Amino acid sequence: MEQSRQNGHAEEDKIIEEKLEKIKNIFLVMSGKGGVGKSTVAVNLAVSLMNRGFKTGLMDIDLHGPNTLKMLGMDGRKMEVLENQITPLQYKDNLKVVSISSFLDGPETAVIWRGPLKIGVIKQFIGDVTWGDLDYLVIDSPPGTGDEPLTVAQSFKGAKSIIITTPQEVSLLDVSKSVTFCRQVNMPVIGIVENMSGFACPHCGKEINIFPKGGAENLAKKSKLPFLGTIPMQPDIAAASDSGRPFAGNDGEQPEIGKRFGKIVDTIIQA
17 MEQSRQNGHA EEDKIIEEKL EKIKNIFLVM SGKGGVGKST VAVNLAVSLM NRGFKTGLMD
77 IDLHGPNTLK MLGMDGRKME VLENQITPLQ YKDNLKVVSI SSFLDGPETA VIWRGPLKIG
137 VIKQFIGDVT WGDLDYLVID SPPGTGDEPL TVAQSFKGAK SIIITTPQEV SLLDVSKSVT
197 FCRQVNMPVI GIVENMSGFA CPHCGKEINI FPKGGAENLA KKSKLPFLGT IPMQPDIAAA
257 SDSGRPFAGN DGEQPEIGKR FGKIVDTIIQ A
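Each position in the sequence shown, counted from 1, maps to that position plus 16 in my numbering.
Below, the structure is given as structure tokens:
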């Protein structure tokens with residue numbers, strides 16, 4: 017029985033390896049802190065890459081709190097399983113999406129799984145999904161350094177991380193653990209993004225620093241990592257996510273946000 021189990025794992029690893037050979041770049045969007053906007057960054061990064069003509073995939077491995085379909089206006093859509101292969105949802109021509117929320121009965125359904133089940137599903141999201149050839153696969157992960165990011169680091173060869181934080185000291189303390197995690201598992205870090213950085217007053221246009229500014233840049237310098245840039249705290253960003261219209265696809269409506277995020281994407285692509 018043990019030999020049979022080992023053979024099964026070896027076959028699974030082979031299938032995953034074959035699927036990964038068709039994916040040129042894998043970005044894991046992560047943070048040691050919850051509520052910093054990982055999903056927002058992951059979704060808009062995927063949409064930005066799609067808009068630039070790249071064949072892109074978006075994988076949501078935040079199994080207990082999947083939000084990507086909601087942010088893309090795709091909540092309620094179901095993925096099909098044909099001949100034991102999962103067909104990803106198609107957002108637009110160049111963007112395929114996979115999320116556990118597509119298999120749940122409704123948005124209130126709780127996923128109550130221990131580590132082995134979560135690890136198995138994440139591996140299935142590569143091995144059992146018809147991704148095809150991709151230029152980029154963006155992975156949205158839950159907060160922390162547990163099973164989900166560890167599975168990506170150990171099983172998805174060539175993955176690189178993008179670390180998200182807010183300017184708060186509490187967030188920076190937790191995020192520094194993400195840097196340590198990446199170094200311990202030998203996952204390259206593309207850089208750090210400071211989200212919710214400054215608020216532009218809608219009346220006078222002056223930028224107000226609700227949180228102390230520059231913490232992420234200082235963390236990047238201390239950790240000897242690239243600082244990718246800042247994303248402001250704006251009601252428009254939250255409204256875009258809630259309405260299923262990513263701000264990266266609406267530059268005309270939010271030019272300043274689009275401009276800032278575009279620079280971050282340019283740096284990520286060149287990394």
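Glycine included, every Cβ here is placed at the ideal spot set by N, Cα and C. Since we're looking at a predicted model, the values are computed, not measured.
Straight-line Cα distance separating residue j from residue i
i	j	result
Trp147	Phe172	14 Å
Ile280	Pro242	11 Å
Lys222	Gly214	10 Å
Asn202	Ile77	20 Å
Ala296	Gly50	Look at the range of the chain in this structure, 17 to 287, and you will see that residue 296 is not part of it.
Asp282	Ile226	27 Å
Ile39	Met95	21 Å
Lys84	Leu189	Looking at the sequence shown, residue 84 is not Lys but Thr. About 26 Å.
Pro251	Leu111	26 Å
Ala58	Ile179	11 Å
Glu28	Thr56	31 Å
His219	Arg276	21 Å
Gly162	Ile224	35 Å
Lys108	Val45	21 Å
Leu133	His25	14 Å
Val113	Gly122	18 Å
Lys229	Val191	16 Å
Ile41	Asn100	For the record, residue 41 in the displayed sequence is Asn; it is not Ile. One C-alpha to the other measures close to 25 Å.
Val168	Glu124	27 Å
Ser239	Leu98	46 Å
Ile247	Gln286	19 Å
Val209	Lys176	14 Å
Lys170	Thr72	Residue identity differs from the one stated: residue 170 is Gln in this sequence, not Lys. Near 22 Å, if we compare the C-alpha coordinates of Thr72 and Gln170.
Ala126	Ile284	34 Å
Start-to-end residues for the alpha helix (DSSP H) that takes in residue i
i	result
Gly231	231-239
Val205	Run containing Val205: none in the alpha helix (DSSP H); it sits in the beta strand (DSSP E), 205-210.
Leu189	185-200
Ile311	The structure shown does not extend to residue 311, since the chain is modelled only from 17 to 287, so the question has no answer here.
Reference residue i, options the options, closest by Cα
i	options	result
Ile116	Ile135, Glu99, Asp282, Lys108	Ile135
Glu164	Asp144, Asp149, Ser194	Ser194
Met249	Ala175, Cys217, Asn83	Cys217
Gly274	Gly245, Asp149, Thr125	Gly245
Gln140	Leu79, Gln200, Ile178	Leu79
Asn211	Cys198, Ile253, Val113	Ile253
Glu233	Gln184, Cys198, Gly278, Ala264	Gln184
Arg130	Glu124, Pro123, Ile138	Ile138
Leu120	Thr72, Met75, Gly81	Gly81
Val52	Gly122, Val154, Pro159	Pro159
Ser118	Leu105, Asp109, Gln286	Leu105
Asn60	Glu124, Ile208, Leu74	Leu74
Val205	Pro228, Val186, Gly174	Gly174
Val63	Ser187, Val186, Val154	Val154
Ala236	Thr167, Thr182, Gln200, Gly265	Thr182
Phe197	Val186, Ile208, Val209, Leu166	Leu166
Asn48	Ser187, Gln200, Ala264, Glu272	Contrary to the premise, residue 48 reads as Gly rather than Asn in this sequence. It is Ser187 whose Cα lies nearest to the Cα of Gly48.
Gly265	Asp151, Met66, Lys30, Ile31	Met66
Unbroken beta strand (DSSP E) run spanning residue i, endpoints
i	result
Ile155	150-156
Ser177	176-181
Glu99	Careful: Glu99 lies outside any beta strand (DSSP E) and carries neither H nor E.
Phe243	243-246
Open item on the list: Taking contact to mean 3 or more Cβ pairs, one atom from each stretch, closer than 8 Å, check whether the stretch 143-157 and the stretch 21-40 are in contact.
Closed with: By the Cβ criterion, the stretch 143-157 is in contact with the stretch 21-40, since at least three pairs of Cβ atoms, one from each stretch, lie closer than 8 Å.
- [ ] Could you name each continuous alpha helix (DSSP H) segment of 4 residues or more that falls completely within the stretch 108-165, going from the start of the chain to the end?
- [x] Restricted to the stretch 108-165, the alpha helix (DSSP H) segments that are unbroken, complete and at least 4 residues in length are 131-143, listed in chain order.
Open item on the list: For the stretch 258-265 against the stretch 86-102, do three or more pairs of beta-carbon atoms, one drawn from each stretch, fall closer than 8 Å, so that the two count as touching?
Closed with: Verdict: yes, contact present.
Task: Minimum length 3: unbroken beta strand (DSSP E) runs contained in the stretch 21-83 - done: Listed in chain order, they are 39-46, 72-76.
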